[in-house]
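Working notes, structure below.
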Amino acid sequence: MHFDFLFQHIFELTITGLALGAIYALVALGYTMVYGILQLINFAHSEVFMFGTFAFAWVFVFIHGTTSASQGLGSTIGLLILALVAAMLTSAAVALLIERVAYRPLLKKDAPKLIALISAIGASFTLSELMGVRDKVAAWFGLEDNLSNYVSNARDIYANPVTINPKGLFTIGDYTVTDVDLVVIGAALAMMLALDIFVRRTRFGRGIRAVAQDPESALLMGVNSTRIIQITFLIGGLMAGAAAALYMLKIGTTRQNAGFILGVKAFTAAVLGGIGNLRGALLGGLLLGVVENWGSAVFGTQWKDVVAFVLLVLILLVRPSGLLGEALGKARA
Amino acid sequence: MLLEVEGLCVNYGHIEAIRNISFGVAEGEVTTLIGANGAGKTTTLKTISGLRKVREGKIVFDGKDITRLAPYDRVKLGISQSPEGRGCFPGMTVRENLDMGAYVRTDRKTPAYREDVERVFQLFPRLEERVNQTAGTMSGGEQQMLAIGRALMARPRLVLLDEPSMGLAPRLIQQIFTIISEINQQGTTVLLVEQNAAQALRRAHQAHVLETGEIVRSGTGEELSGDPSVRAAYLGGDV
Ligand SMILES: Nc1ncnc2c1ncn2[C@@H]1O[C@H](COP(=O)(O)OP(=O)(O)OP(=O)(O)O)[C@@H](O)[C@H]1O
Ligand SMILES: [Mg+2]
């Protein structure tokens, strides 16, 4: 165990942990919102994220090409915003597709939750594998050469696309905080603030809370719950797309199963914070990111995930409904 | 008739919860459905609001067939409901709950809207005192007031009240029935479901008795309060 290492690098570990945690939190929102209104874990949400990372990379490669040397954040800001928008729209579209194809037909028939879960797992594998055979799909249309920058080595890491050189801005302790750190944390917080205002202040936001708290009463108030469910998936998709963009900014590579482990982490963050609770997702995400970083400093990187899940188990033992979760059925969303 | 129910049948799986019931609700009146537990009263109201699937029969509101209409479109047409068990949104404040009642309205920023909130507060001064309390922390009686007030916020032409007196202290029950008459006199048509048959019949213009999913007796409130079999079954013989 290397506690000395932890204390030496506490600032670096905490700040990079917060950046990672902010990404977890954005993805966690999608899990927690869908759970809030449907009491369902949207297992396919990880693929919503994964498609966002590819959309981001593709736009980047399309405009920028793959050969150029790595760039600073400042000089590519326009391109990054464009790629961010593409990621958000793509993820939102995938989320809506999942709702339409994997959930709505089952909900209409009052299928048991377990069936919907299986359907979501199926959707998850389908989407992930689809991305894994994108070279074959391109070949069907004879486009594998034209699209080789986008579809080659479909199952390997999509390694070259986005290279951003972080620029140091200022120093805390012995860690130089970079522009990428700040953009990731700042953008994630801004998205979450916007969501919080949306849910609290707008008519659709009230509709979401109403369906979460009492679906039948919501219908009696004139809430169109199909529309509300759609909006919830849409928002979850937008947030996951933003997370995907920030992830690409930080990590720079993706692959067809990139959603899996991140999805599990984000879901853990949602449960940790109290599933169904938006602020809980934020808290759970940030906490998980930081503790994971600390843990890997103390025990070694290979223990990172163990630390994360031990934390989850410990917190659930003390607070079964998560940090900010209420007993189910009480104040939600 | 503002509302007409014709030959309505509703099933839960193979259980026939209501069988071929027909009745009307005249505009401007209070109509009541009484009956024992499990008779199908709640099912009838839920079906009118569009929450239960109609197997057979039809529902006509203001001359328009609404049998297959989505629940939210029925609210827009002017049917609102205070459900059995109140159904307040537990995590929302009193004010947010009232706002939810007006979800289909587009005039939230207008004086007319504020007047409607005022009117609810006049009927239930307790709600005004508690305007920022979350509904989940309110007493059962307070939640009942909130559920009724919320139903009125839709500016309904027809309000469906499912056991508004359930679980209330005797004095409060009296008060709730007085308020129901008041709501009616202010121009809202009321369809009232009650266990408290004596009070309901006294307030109602028209009344129907439901027994295991069928209407077995209909008449004016007065007629049914005088009917020996109704007295024996629902009024304990002492009106
Ligand atoms: N969701 C449901 N699933 C299956 N059966 C149901 C359901 N809801 C009601 N029932 C059945 O339908 C019948 C009518 O129920 P309903 O709730 O309409 O009665 P009620 O007249 O409102 O009774 P109470 O006075 O107890 O409220 C009952 O036999 C009940 O068991
Ligand atoms: Mg009932």
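In order, the protein sequence lines correspond to chains A and B.
1 is the number of the first residue of the first sequence in our numbering; add one for each residue after it.
334 is the number of the first residue of the second sequence in our numbering; add one for each residue after it.
Yeah, the Cβ is synthetic: ideal placement off N, Cα and C, and Gly gets one too.
- Just so you know, the alpha carbons of Tyr31 (chain A) and Tyr103 (chain A) end up roughly 14 Å apart.
- Under the Cβ distance rule, Gln508 (chain B) does not count among the residues neighbouring chain A, no pair being separated by less than 8 Å.
- Here the C-alpha atom of Val549 (chain B) lies approximately 18 Å from the C-alpha atom of Leu378 (chain B).
- At a Cβ-Cβ threshold of 8 Å, Lys374 (chain B) and Val563 (chain B) do not count as neighbours.
- In the displayed model, His45 (chain A) falls within a helix according to three-state DSSP.
- Across the set A:Leu182, A:Ala138 and A:Ile172, the C-alpha of A:Leu182 shows the shortest separation from the C-alpha of Leu73 (chain A).
- The alpha helix (DSSP H) runs lying completely inside the region 186 to 227 of chain A and spanning 4 residues or more are 203 to 213 and 215 to 220, given in chain order.
- Residue range Ile77 to Ile98 is occupied by the alpha helix (DSSP H) that includes Ala95 (chain A).
- For the region 207 to 224 of chain A, the set of positions with a beta-carbon nearer than 9 Å to some beta-carbon of chain B reads Gly207, Arg209, Ala210, Ala212, Gln213, Asp214, Glu216, Ser217, Ala218, Leu219, Leu220, Met221, Gly222, Val223 and Asn224 in chain order.
- Annotated three-state conformation of Ser321 (chain A) is coil, per DSSP.
- In the structure shown, the three-state DSSP call for His541 (chain B) is strand.
- The three-state reading of DSSP puts Phe141 (chain A) in coil, since its state is none of H, G, I, E or B.
- Between Gly482 (chain B) and Val453 (chain B), the beta carbon gap of about 4 Å places them in contact (Cβ cut-off 8 Å).
- Runs of the alpha helix (DSSP H) lying entirely within the region 233 to 296 of chain A, each at least 4 residues long, are 258 to 273 in chain order.
- The beta carbons of Ile513 (chain B) and Leu494 (chain B) sit closer together than 8 Å.
- Shown in chain order are the members of the region 487 to 515 of chain B whose Cβ falls below 8 Å from a Cβ of chain A: Ala487.
- Ligand 2 has a heavy atom closer than 7 Å to the beta-carbon of Glu417 (chain B).
- In the three-state DSSP reduction, Tyr31 (chain A) falls in the helix class (H, G or I).
- Here Ala372 (chain B) carries a coil assignment [DSSP, helix/strand/coil].
- Between Leu335 (chain B) and Pro497 (chain B), the alpha-carbon positions lie close to 22 Å from each other.
- Under the three-state reduction of DSSP output, Leu505 (chain B) falls in the helix class.
- Residues of the region 434 to 450 of chain B with a Cβ closer than 7 Å to any Cβ of chain A, in chain order: Gly434, Tyr436 and Val437.
- Gly396 (chain B) has a beta carbon lying at 8 Å or more from every beta carbon in chain A.
- Contact between the region 95 to 102 of chain A and the region 40 to 50 of chain A is present: 3 or more CB-CB pairs across the two stretches fall below 8 Å.
- Secondary structure of Lys397 (chain B) (DSSP, three-state): strand.
- Secondary structure at Asn146 (chain A): coil, using DSSP grouped into helix, strand and coil.
- Asp449 (chain B) and Met478 (chain B) do not touch by the CB rule: their CB atoms are close to 15 Å apart, not below 8 Å.
- Chain-ordered, the chain A residues with CB closer than 7 Å to the CB of Asp432 (chain B) read Arg206.
- Two segments are said to touch when three or more pairs of C-beta atoms, one from each, lie closer than 8 Å; by this definition the region 311 to 328 of chain A touches the region 257 to 277 of chain A.
- The Cβ-Cβ distance between Val162 (chain A) and Arg134 (chain A) does not fall below 8 Å.
- By alpha-carbon distance to Phe60 (chain A), the top candidate from A:Asp305, A:Leu249 and A:Lys108 is A:Leu249.
- Here Ser472 (chain B) is exposed, its C-beta having fewer than 16 other C-beta atoms within 10 Å.
- Of the candidates A:Ala240, A:Met131, A:Asp145 and A:Phe170, the residue whose Cα lies closest to the Cα of Met191 (chain A) is A:Ala240.
- By the Cβ criterion, the region 377 to 393 of chain B is in contact with the region 335 to 348 of chain B, since at least three pairs of Cβ atoms, one from each stretch, lie closer than 8 Å.
- Inter-segment contact for the region 13 to 28 of chain A and the region 211 to 218 of chain A is absent: fewer than three beta-carbon pairs are separated by less than 8 Å.
- Counting along the chain, the unbroken alpha helix (DSSP H) around Val453 (chain B) starts and ends at Pro444 to Leu456.
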